[in-house]
Amino acid sequence: MIRNIALLVSAVSLATAAHAQDDPPEVVGGSVRSSQTIAVPAMPATQGASEALGRQIAEVIASDLRSTGAFTPLGPNGIGGYSVAQAGAPAYGEWRNAGAGALVAGYVEARPDGRITVACLLHDVTAGRQLATQGFTVAAADWRRAAHKCADTVYARLTGEGAYLDTRIVYVAETGPKTNRVKRIALMDSDGTNLRYLTTGRANVTTPRFSPNGSQLVYTGMLARKPRVFVIDVASGAERLLVPGGAITFAPRFSPNGRQIVFSWAQGGNTDIFVVGANGGVPTRLTSAPGTDTSPSFSPDGRRIVFESERSGTQQLYVMGADGSGQRRISFGGGRSASPVWSPKGNLIAFTRIGGGGFRIGVMDPSGGGERLLTNAWQDEGPSWAPNGQFVLFHRTAQGSGNATLHAVPIAGGAPRRMPTPQGGSDPSWSPLKT
Amino acid sequence: MHKSLTLGVAALALTITACGRKEPPAIDVPPTDQPAGDASGVAPGDVELTELPAMQADLVAKAGSDTVYFGTDEFALDEPSKATLAAQAKWMLANPKVRASIEGHADERGTREYNIALGERRANAARDFLLTQGVPAARLLVTSWGKERPVATGSDESAWAQNRRAVTVVVR
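Just so you know, the protein sequences line up as chains P and W, in that order.
Numbered continuously in the numbering used here, the first sequence closes out at residue 540.
Numbered continuously in the numbering used here, the second sequence closes out at residue 269.
As structure tokens, then:
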């Protein structure tokens with residue numbers, strides 16, 4: 106019987122399955138709520154898959170769910186397991202007695218082609234019903250991705266928010282003394298694993314940011330002792346200068362369709378915002394005010410750009426059309442406001458508030474209302490959105506040492522969570538959801 | 098029981114590499130023309146500069162300093178800075194074979210990108226003064242390190258004052 110179950114699992118294409126997901130995400134009433142206890146026992150293995158792998162996958166799912174702040178996972182350590190057959194028909198009463206409101210079950214199946222399939226079944230334990238069922242077939246070495254996908258399924262189904270765990274984070278890894286930091290572009294999975302470095306050989310690198318499909322980054326690196334915008338291919342590491350000819354260019358970001366890059370260009374003591382094709386070409390000027398205009402970020406529909414300008418005398422946030430039209434100030438709170446980033450949902454702008462001798466991360470709506478500050482430390486800056494718009498990633502610099510670390514704060518409120526990096530880290534950027 | 102499980106499970110093909118290859122070509126593909134960095138077609142402003150430590154030491158000895166300082170969030174030159182730059186200009190005119198990269202810096206109390214812009218304003222102010230002293234524009238380059246290269250490590254007014262600066266770096 107168990108064997109039959111395993112054999113009947115059919116693999117379908119990712120696109121098909123995405124559409125085939127029957128139940129639309131919704132917040133389940135009653136037992137399934139935020140911060141509820143969710144059992145994540147070790148997954149059983151079948152067709153020769155390793156039992157240890159089933160436990161490791163459950164560990165990653167539990168760790169992912171804990172990191173969301175919405176769940177208190179139970180297990181896989183310290184709680185019992187179940188059989189493959191029970192993955193689809195759990196003993197709900199026993200899990201209720203264990204204190205769980207929900208259960209993540211499933212199994213790991215070894216396939217003849219060497220890959221594995223991870224079945225992922227979410228149960229509402231209190232109501233005694235199955236809420237979601239997904240299967241993920243991956244190369245055996247990529248088992249962590251299947252675990253992230255399963256955790257994303259659970260998170261999205263129970264919170265009603267978009268998935269965001271099967272993603273990467275790019276940031277600047279920092280080592281060495283404050284006066285001569287060694288900075289490298291680092292890439293890691295959203296849980297801090299699979300860290301690798303993109304070698305650029307440049308004296309300094311800052312602000313790496315993903316292209317909309319995640320295949321490329323724009324960053325600012327030094328060439329001929331000047332800040333310059335480069336586009337780098339994540340897979341190959343091949344890079345090119347965006348605007349040749351010695352121009353001081355920085356603060357780059359892709360447009361939502363990936364066809365353009367907006368950036369700042371400093372010349373003659375004045376910094377303005379320009380846009381250019383992602384493959385290069387002649388930049389088009391978008392701002393011309395005296396003083397510094399920088400940190401541009403497109404709205405998700407590509408029709409507007411938020412940026413900071415000191416045309417009023419201090420750094421404040423402005424919104425303009427993507428062609429530079431209709432520039433108007435939106436930030437009127439106390440202090441200065443800088444480095445705005447439009448949320449992927451379009452409803453909020455994250456920014457850095459400068460005041461009281463420090464930097465804090467805040468959000469406001471695109472008309473400037475509803476401002477809220479989310480953090481409180483000496484220097485928190487460089488916000489970047491999770492692809493579901495529920496978390497803002499930023500770096501926190503320590504007073505004195507200047508050592509920087511990465512943190513993510515939920516926009517719903519709550520304490521920032523430290524993102525694990527082996528060295529110092531700054532200028533983080535969250536990737537889109539992997540495809 | 099078992100039947101419901103088999104019916105419910107739909108497995109996704111999620112091989113990362115296979116998915117990557119199946120994707121249509123990204124719209125943000127690299128350009129087909131010559132990438133920068135190749136020997137051919139590199140603009141003059143994109144060629145790496147060489148520092149000249151002995152010449153730098155001579156500039157400091159003759160002009161008194163290679164650095165001028167600024168107030169918080171300011172880029173105006175005060176009288177001591179102008180005197181230093183005037184001495185640097187004399188040295189530049191006496192050493193016509195070298196160029197100078199005028200490099201602006203900011204203290205750590207500004208945001209990263211704003212500070213790059215602020216550093217450029219400081220370097221540009223120093224360059225403009227050197228021009229008034231007769232140094233040819235072709236020999237003066239302007240750049241900014243923002244807050245990336247402090248010389249004083251503290252988080253106090255003394256350290257910040259030392260870090261708000263423009264440095265004249267002798268280059269070839």
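Beta carbons are placed, not taken as given, at the ideal position from N, Cα and C, and that holds for glycine.
**Prompt:** Tell me which same chain residues have a C-beta within less than 6 Å of the C-beta of V132/P, skipping the five on either side of it?
**Reply:** If you number the first sequence from 1, residue 132/P lands on position 27. In this predicted model, V132/P has a pLDDT of only 35, less than 50, meaning its place in the structure is not dependable enough to derive any value.
**Message:** For the stretch 142-171 of chain W, list every residue whose C-beta sits within 8 Å of some C-beta in chain P, in sequence order.
**Reply:** G142, D143, V144, E145 and L146
**Proximal residues to D338/P (C-beta, below 8 Å), its chain only, five neighbours per side dropped** = On the first sequence, position 233 is the one that residue 338/P refers to. So the qualifying residues of the chain are S320, Q321 and E344.
**Request:** Starting from P247/W, find everything on chain P with Cβ-Cβ shorter than 7 Å and list it in chain order.
**Result:** Sequence index remark: in the second sequence, residue 247/W carries index 150 (1-based). Simply K283 and T284.
**Message:** Check whether the stretch 179-193 of chain P and the stretch 269-280 of chain P are in contact - that is, three or more C-beta pairs closer than 8 Å.
**Reply:** no
**Prompt:** For N192/W, does the three-state DSSP call read helix, strand or coil?
**Reply:** Locating residue 192/W in the second sequence gives position 95, counting from the first residue. The answer is coil: DSSP assigns N192/W none of H, G, I, E or B.
**Message:** Is there a Cβ of chain W sitting closer than 9 Å to that of I166/P, yes or no?
**Reply:** Numbered from 1 along the first sequence, position 61 holds the residue referred to as residue 166/P. By this cut-off, I166/P is not an interface position.
**Request:** Could you tell me which residues DSSP pairs with P178/P in its beta bridges?
**Result:** Translated into the one-based positions of the first sequence, residue 178/P becomes position 73. Looking at the DSSP assignment, P178/P forms a beta bridge with I143/P.
**Asked** What separation, rounded to the nearest whole angstrom, lies between the Cα atoms of V514/P and H228/P?
**Response** Here residue 514/P corresponds to residue number 409 of the first sequence, with the count starting at 1. Here residue 228/P corresponds to residue number 123 of the first sequence, with the count starting at 1. Taking the straight line joining both Cα atoms gives about 28 Å.
**Neighbourhood of N212/W by C-beta distance below 6 Å, restricted to the same chain and skipping five residues each side** = Stepping through the second sequence from its first residue, residue 212/W is reached at position 115. Counting only Cβ-Cβ distances below 6 Å, and skipping sequence neighbours, we find A203, G243 and K244.
**Item:** Close beta carbons around G475/P, own chain, < 7 Å, minus the five adjacent residues each side
**Value:** Walking along the first sequence from the start, residue 475/P turns up at place 370. Correct list, in chain order: M469.
**Asked** CB R246/W to CB R219/W, shorter than 9 Å?
**Response** Residue mapping note: residue 246/W aligns to position 149 of the second sequence, counting from 1. Residue mapping note: residue 219/W aligns to position 122 of the second sequence, counting from 1. No; because the gap between Cβ atoms is not below 9 Å, this pair is not in contact.
**Prompt:** At a Cβ threshold of 9 Å, is N309/P touching chain W?
**Reply:** Residue numbering aside, residue 309/P sits at position 204 when the first sequence is read from its first letter. Chain W contact via Cβ: present.
**Span of the beta strand (DSSP E), counted from its first residue to its last, around Y324/P** = Position 219 of the first sequence holds residue 324/P. That run of the beta strand (DSSP E) goes Q321 to L328.
**Request:** Say whether the stretch 482-492 of chain P touches the stretch 247-265 of chain P, bearing in mind that this needs 3 or more beta-carbon pairs closer than 8 Å, one atom from each stretch.
**Result:** Contact fails: fewer than three Cβ-Cβ distances are below 8 Å.
**C-beta atoms of S402/P and V348/P nearer than 9 Å** = Sequence index remark: in the first sequence, residue 402/P carries index 297 (1-based). Sequence index remark: in the first sequence, residue 348/P carries index 243 (1-based). Result no, Cβ atoms of S402/P and V348/P do not sit closer than 9 Å.
**Item:** Per DSSP, cross-strand counterpart(s) of L237/W
**Value:** As a first step, residue 237/W is located in the second sequence; it is residue number 140 there, counting from the start. For L237/W, which the question treats as bridged, DSSP gives the partners A197/W.
**Asked** chain P beta carbons: is any one of them nearer than 9 Å to that of G231/W?
**Response** Start at 1 with the first residue of the second sequence, and residue 231/W comes out as number 134. Not an interface residue.
**Request:** Could you work out which residues of chain W lie near Q420/P, taking near to mean beta carbons separated by less than 7 Å?
**Result:** The residue labelled residue 420/P in the question sits at position 315 within the first sequence. The answer, in chain order, is Y211.
**Request:** Mind listing the chain P neighbours of N221/W? Cutoff is C-beta to C-beta under 9 Å, in chain order.
**Result:** As a working note, residue 221/W is residue 124 in the second sequence. Simply A371, Q372, G373, G374 and N375.
**Item:** C-alpha gap between Y212/P and A268/P, whole angstroms
**Value:** On the first sequence, residue 212/P is found 107 positions in, with the first residue counted as 1. On the first sequence, residue 268/P is found 163 positions in, with the first residue counted as 1. Cα-Cα distance, rounded: 21 Å.
**Message:** At a threshold of 8 Å, does G431/P count as lining the ligand COA (C-beta to nearest heavy atom)?
**Reply:** You won't find the ligand COA in this model; it holds no ligand whatsoever.
**Separation of V336/P from L237/W, as counted between CA atoms** = Against the second sequence, residue 237/W aligns to sequence position 140. Against the first sequence, residue 336/P aligns to sequence position 231. Looking at the two C-alpha atoms, the distance is approximately 28 Å.
**Asked** Ordered along the chain, which non-local residues of its own chain (more than five positions away) have a Cβ less than 7 Å from that of K179/W?
**Response** Against the second sequence, residue 179/W aligns to sequence position 82. Correct list, in chain order: F226.
**Message:** I'd like the list of long-range same chain contacts for F496/P, defined as Cβ closer than 6 Å, with 5 residues on each side in sequence excluded.
**Reply:** Your numbering for residue 496/P matches position 391 in the first sequence. Closer than 6 Å at Cβ, skipping near neighbours: A513 and P515.
**Message:** Once DSSP output is grouped into helix, strand and coil, what is the label at S536/P?
**Reply:** In the first sequence, the residue the question calls residue 536/P occupies position 431. In the structure shown, S536/P sits in coil (DSSP, three-state: anything other than H, G, I, E or B).
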